[in-house]
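S.K.: The structure's right below; bear with me while I get my questions together.
Residue numbers (the working numbering): 23 to 192.
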């Protein structure tokens, strides 16, 4: 499990780096695709709850430390998505090999639809209403579409990274 946590940590650092270097620069209809929210979902679909929560917390905190968002909100969204995905992953719902081809992208697309809503709602709960700047619907749709497209490759990487932990559990 320690080796898997180390690999997930390195992958999380790479995901946050890719988020800032690539995805933050690309805007689709004024919306940034949040790879830092897709990564915890992908790790969660492996069924390893502790690794998924770690990935969600680490990617969110690292992202919030470098961006102009309220500190901790991205981590909160990452934790919520990771926990929900890990519950499905424990049941084998998002398994890339045994589930239908469309299941993992659909789950990730649903996460991409819910994530911006969670982010804005938690920001409003924290009395930060500046997160309502753009269209929430556009943000939800763009992230859902991007998560749908990127789900299988990112989840394949998460399964490969956590394979050492999966072997140790059996």
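The C-beta atom is built at its ideal place from N, Cα and C for all residues, glycine as well. Since this is a predicted model, take the numbers as computed values, not measurements.
(1) Do residue 169 and residue 121 count as a contact pair if the criterion is CB distance below 8 Å?
(2) Quick check: residue 180 and residue 67, are their CB atoms within less than 8 Å of each other?
(3) Between the Cα of residue 126 and those of 98, 48 and 167, spot the shortest distance and give me the residue it belongs to.
(4) So, is residue 254 buried or exposed, given that buried needs 16 or more other C-beta atoms within 10 angstroms?
(5) Let's test the definition: count the other Cβ atoms within 10 Å of the Cβ of residue 119 and tell me whether it reaches 16, buried, or not, exposed.
(6) Is DSSP giving residue 49 helix, strand or coil here?
(7) Any contact of the region 35–43 with the region 82–94, i.e. 3+ C-beta pairs under 8 Å?
(8) Buried or exposed for residue 141, please, with buried defined as at least 16 other CB atoms from any protein chain shown within 10 angstroms of its CB.
(9) Taking the alpha helix (DSSP H) that residue 76 falls in, what are its first and last residues?
(10) Note the first and the last residue of the continuous alpha helix (DSSP H) segment covering residue 183.
(11) Going by DSSP, what residue range makes up the alpha helix (DSSP H) through residue 127?
(12) State the DSSP-derived secondary structure class of residue 55, mapped to helix, strand or coil.
(13) Compare the Cα-Cα distances from residue 183 to each of 39, 56 and 70 and report the closest residue.
M.R.: According to the data block:
(1) no
(2) yes
(3) Closest option to residue 126, judged by alpha-carbon separation, among 98, 48 and 167: 167.
(4) Coverage of the chain is limited to positions 23 through 192, which leaves residue 254 absent and any answer about it impossible.
(5) exposed
(6) strand
(7) yes
(8) So residue 141 counts as buried.
(9) 71–88
(10) 158–183
(11) If you look at residue 127, you'll find it in the alpha helix (DSSP H) that goes 125–147.
(12) It is coil, neither helix nor strand.
(13) 70
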